[in-house]
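Q:
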Amino acid sequence: MNSAPRRFAIVALPYAWLLLFFLVPFLIVLKISLAHEAVAIPPYTPLFVTGRLYVTGANYLFLLGDPLYWKAYLGAIRYAAIATLVTLLLGYPLAYGIARAPARWRGLLLMLVILPFWTSFLIRVYAWIGLLKDNGLINHALMSLGLIDAPLRLIDNDFSITLGLVYAYLPFMVLPLYAQLEKLDPALNEAAADLGAPPIRAFWQVTLPLSLPGIAAGILLVFIPAVGEFVIPDLLGGPNTLMIGKILWDEFFTNRDWPVASALAIAMLLLLALPMGLVRRQLRGTGS
Amino acid sequence: MRRGLSPFIVTMMVLGFVFLYAPIASVVVYSFNASRLVTVWAGFSLQWYGALFANEAIGRAAAISFEVAPMAATGALILGTLVAYGLARYRRFAGRTLFAAMATAPLVMPEIITGLSLLLLFVALEQAIGWPAGRNIFTIAIAHITLGVAFVAVIVEARLASFDRTLEEAAADLGARPIRVFFVITVPLIMPALAAGWLLAFTLSFDDLVIASFTAGPASTTLPMVIFSSVRLGVSPQINALATLILIAVTILVAGANRLLRVR
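Protein sequences, first through last, are from chains A and B.
Heads up: the first sequence begins at -17 in my numbering, then just goes up one per residue.
Heads up: the second sequence begins at 365 in my numbering, then just goes up one per residue.
1. What are the boundary residues of the alpha helix (DSSP H) that residue 502(B) is part of?
2. So with Cβ pairs under 8 Å, would you call residue 531(B) a contact of chain C?
3. Quick check on residue -17(A): does DSSP put it in helix, strand or coil?
4. Can you tell which of 65(A), 252(A), 219(A), 259(A) has its C-alpha closest to the C-alpha of residue 136(A)?
5. Is there at least one Cβ from chain B nearer than 8 Å to residue 139(A)'s Cβ?
6. Hey, could you find the ends of the alpha helix (DSSP H) residue 41(A) is sitting in?
7. Can you tell me the Cα-Cα spacing of residue 19(A) and residue 12(A), whole angstroms?
8. Ignore the nearest five residues each way along the sequence and tell me which others in residue 175(A)'s own chain have a CB closer than 8 Å to its CB.
9. Please compile the residues from chain A whose C-beta is within a distance smaller than 8 Å of the C-beta of residue 394(B).
10. List the residues of chain B that residue 150(A) touches, going by C-beta distances under 7 Å, in chain order.
11. Given 8 Å as the limit, is there contact between the stretch 516 to 534 of chain B and the stretch 461 to 472 of chain B, that is, 3 or more CB pairs closer than that?
12. Would you list, in chain order, the members of the stretch 611 to 623 of chain B that have their beta-carbon closer than 9 Å to a beta-carbon of chain A?
13. Let me know if residue 430(B) comes out buried or exposed under the rule of 16 or more other beta-carbons within 10 Å of its beta-carbon.
14. So, with DSSP's three-state summary, where would you put residue 222(A)?
15. Compute the beta-carbon to beta-carbon distance between residue 636(B) and residue 212(A), rounded to the nearest angstrom, for a pair I have assumed lies under 8 Å.
16. Taking only beta-carbon atoms, is residue 540(B) less than 8 Å away from chain A?
17. Helix, strand or coil, according to DSSP, for residue 622(B) in the structure here?
18. Can you list the residues of chain B that residue 118(A) reaches, using a CB-CB cut of under 9 Å?
19. For chain B, check one thing: does any of its Cβ atoms lie closer than 8 Å to the Cβ of residue 142(A)?
20. Is the shortest distance between the beta-carbon of residue 231(A) and the beta-carbons of chain B less than 8 Å?
21. Could you name each continuous beta strand (DSSP E) segment of 3 residues or more that falls completely within the stretch 228 to 255 of chain A, going from the start of the chain to the end?
22. How many Å lie between residue 438(B) and residue 170(A) at the Cα?
23. Residue 488(B) touches chain A at which residues, Cβ-Cβ below 7 Å?
24. Keeping to the same chain, check which residues put their C-beta closer than 7 Å to that of residue 413(B); ignore five residues upstream and five downstream.
25. Rounded to the nearest angstrom, what separates residue 51(A) and residue 387(B) at their Cα positions?
26. Under 8 Å by Cβ, that's how I've got residue 248(A) and residue 15(A) pegged, so tell me the actual separation to the nearest angstrom.
27. Under 9 Å Cβ-Cβ, which residues of chain B neighbour residue 100(A)?
28. Around the C-beta of residue 365(B), are 16 or more other C-beta atoms found within 10 angstroms, so that it is buried, or is it exposed?
29. With a 10 Å radius around its C-beta and 16 neighbouring C-beta atoms as the bar for buried, classify residue 143(A) as buried or exposed.
30. Under 7 Å Cβ to Cβ from residue 628(B), same chain only, skipping five residues before and after it: list those, please.
31. Name, in chain order, the residues that DSSP records as bridge partners for residue 397(B).
32. With a cut-off of 8 Å, does the C-beta of residue 155(A) fall near any C-beta of chain B?
33. Which residues bound the alpha helix (DSSP H) around residue 591(B)?
34. Under DSSP, the alpha helix (DSSP H) around residue 201(A) begins and ends at which residues?
35. Could you pull out every residue in the same chain whose Cβ sits closer than 6 Å to the Cβ of residue 399(B), ignoring the five residues on either side in sequence?
36. Quick check on residue 54(A) - is its C-beta less than 8 Å from some C-beta in chain B?
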C-alpha cells in the first residue's frame, strides 16, 4: 500500500494553511515588535535594509518604562483571576446539579448552558449595559422598591468588568466540569455515606478530588481568553480601564503604533504560553 | 437508590440559569417596547423592527456577514476535517507535534492576537508579492477559516476516534479505493460532526468582532462591527430588535445541531 503519498495528500494542504496563516503571522508580529515606528505605509521601519539587520528593543523598553503598561498587564491578570474564581464557585454547583439531574432533564439543562455560548458574545455583553447603567433596569427596580434613593454606580468600574467576564465565560467553566462530573459513579458517594461520611465530607474527600481534571480545564478555558479580552472592558469598563487587550486595541487603532501593539501582543503571549500549553495537554488527556 | 438533589444545588442551579438568561430576556422584552427608555414600558410595538429593516448600514453589513460566514464555515469544514483525519488516522509522521499544536492553539488564542497577527501577515504579503490587494471579505474569510479549523478539527476528531473502523476495513477488503471508502463509509458516519462543525464555524464567523475589525477593509464592515460601533454609543432599541432576531435564529440552529449530534 502506498500510504505515505496518501498521507501527504491529506495532511499537506491543512499543514501549509496553518503554517502560512497561523505560524508565520506570529513571526511577523515578533519581527515588527523589534522595528521602529515610522511615518510610512505600513507604519514601521523595515528590518533588513541592503542586507543589514536592524532590530531595536526600544518598544519593549518603552513598555517596561511606562507604568501604564504594567498596570494594564497586571490588571488583566487580576480581573481574569477573580472572574475565573467566581465562575468556578458559580459553575461547580451548576455542573454538579446537571450531572446528577434525572437523565431525561440532563440534555435540556445542558443545552440551556450551551445556548448562550452560541449566542452572539457582543449581544450578551451589550445586554448588561441596559441593566447596569445609572437609569437602567436594576437601579430603577431598587429605587422603585425604595431600597436606595440615588442610583448605584454599577457600570464602568471593576464590578461591571468582573461581572461581564463571569457572565460571558461561565459556560466555558460548566462544560468541562460537567464532562468530568458526569463520568463519576454516584455509587462512590453512596459508599462514602454507608461508611459514615456526612455529605460534605464525602464531597471534599471523594467528589472534589475526582473532579480536579475538569476544574483545571475549566480554569484554563476561562482564564486564557479573559486575559486577552477587549469587548468586555471596552463596553462595560470606563474609558480608563486598564486591561492589556484594550490597551493593545487602542495602541493599534487609535495611536496607530504597530510596533508597540506587536510588542504588547508578544508580552501577552509570554504570559499565556504556559497555560495554553497546559490546555493542549488537557485536551489530549480527555480525548484519549 | 439515588437521592434527589440537595436544596442548595437546586437553588444554585436556578440562580445560575436566571443569571444566564435574565439579561438576554431583558433585551428581547425591550425590543418590543414602544418607548426608547428601558425603565418605561410604553406598550407593545414593532416599530424598532421596522426601523431595523429600514436601516441601510445594518442591511449592508448583514449582507457582508452572510457572504463571509458560509465561505469561512465551508473552508474550515474542509481543512478541519483533513486535520482531524490526519491526526486520528496517522499516529506518527514528521512534524505531527507542530501540526497538532497549530491546529488546537486557535481554540484558546486570544482573538486580539489572532487578529493583529493576521493583519500584519496580509500587509507584509501585499508588500512582498502584491497579494492580497487591500483587505476585503476574502481576508476576513481567510482569518475566520483559520479560527474555525481548530473547532471543526476537535469535533470531527472526537467522532472519528469513537466509531467502528471495521466498516472502513470491510469496504477496503471488498476492493473499494481509499477515496471511495472515505466518501461512502466514513463521511456518512461522521456526518453529524461535520454538520455541527460547519454550524459552529458559521456562528463563530458571524459573531466575530475582534478578528474582523483587524482584517476587514473599508468596504467590508461586518454585522458585529456595525453593532459594536452603535452599542458603544449606548443602548439602542434597534440593536435590541436585531439581537432578538439573532437569538431566535441561533436557538433554532442549536436545537437542530443538538438533534444531529444526539442521533447516533
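For glycine and all other residues, C-beta sits at the position ideal for the given N, C-alpha and C.
A: For this structure:
1. From DSSP, the alpha helix (DSSP H) with residue 502(B) extends over 501 to 526.
2. Of the protein chains in this structure, namely A and B, none is chain C.
3. A caution first: residue -17(A) carries a pLDDT of 47, below 50, which makes its placement in the model unreliable, though a value can still be read off. Of the three classes helix, strand and coil, the one that applies to residue -17(A) here is coil, per DSSP.
4. Residue 219(A) holds the alpha-carbon nearest to the alpha-carbon of residue 136(A) among 65(A), 252(A), 219(A), 259(A).
5. Not a single C-beta of chain B is nearer than 8 Å to the C-beta of residue 139(A).
6. Where residue 41(A) is concerned, the enclosing alpha helix (DSSP H) stretches over 40 to 47.
7. Looking at the two C-alpha atoms, the distance is approximately 14 Å.
8. Taking residue 175(A) as the centre and dropping the five residues before and after it, the same chain places the C-beta of 181, 184 closer than 8 Å to its C-beta, in chain order.
9. Within chain A, the residues placing a beta-carbon under 8 Å from that of residue 394(B) are 112, ordered along the chain.
10. Neighbours of residue 150(A) on chain B: none; closest Cβ ~11 Å, over 7 Å.
11. With the cut-off at 8 Å, the stretch 516 to 534 of chain B and the stretch 461 to 472 of chain B touch.
12. From the stretch 611 to 623 of chain B, only 611, 614, 615, 617, 618, 619, 621, 622 have a Cβ closer than 9 Å to chain A.
13. Exposed: under 16 other Cβ atoms inside 10 Å.
14. DSSP places residue 222(A) outside both helix and strand once states are collapsed to three, so it counts as coil.
15. Here chain B has residues from 365 to 628 only, and residue 636(B) is not among them.
16. Closer than 8 Å: no.
17. Residue state, collapsed to three classes: helix.
18. From the beta-carbon of residue 118(A), the residues of chain B found nearer than 9 Å are 402, 403, 599.
19. Taking Cβ atoms only, chain B never reaches closer than 8 Å to residue 142(A), which makes this a no.
20. Chain B, which has a Cβ nearer than 8 Å to the Cβ of residue 231(A), makes this yes.
21. The stretch 228 to 255 of chain A contains no whole beta strand (DSSP E) run of 3 or more residues.
22. Going by the C-alpha atoms only, they are around 45 Å apart.
23. Chain order gives the chain A residues near residue 488(B) as 10, where near means a beta carbon separation below 7 Å.
24. Around residue 413(B): 605.
25. Going by the C-alpha atoms only, they are around 33 Å apart.
26. Residue 248(A) to residue 15(A), Cβ: 5 Å. Contact.
27. The answer, in chain order, is 563, 564, 567, 571, 614, 615, 617, 618, 621.
28. Interpretation of residue 365(B) is limited by its pLDDT of 38, a score under 50 that renders its predicted location unreliable; no figure is taken from the coordinates.
29. Residue environment analysis places residue 143(A) among the buried positions, since at least 16 neighbouring C-beta atoms fall within 10 angstroms of its C-beta.
30. Residue placement at residue 628(B) is flagged as unreliable, the pLDDT there being 43, under the threshold of 50; the coordinate-derived value follows with that caveat. Taken in chain order, the list of residues that qualify is empty.
31. DSSP, once it has assigned bridges, lists 408(B) as partnering residue 397(B).
32. No, residue 155(A) does not count as interfacial toward chain B.
33. Its alpha helix (DSSP H) spans residues 587 to 595.
34. Following the DSSP letters along the chain, one finds residue 201(A) inside the alpha helix (DSSP H) bounded by residues 194 to 209.
35. Counting only Cβ-Cβ distances below 6 Å, and skipping sequence neighbours, we find 406.
36. Interface residue (Cβ-Cβ distance to chain B less than 8 Å): residue 54(A) is not classified as such.
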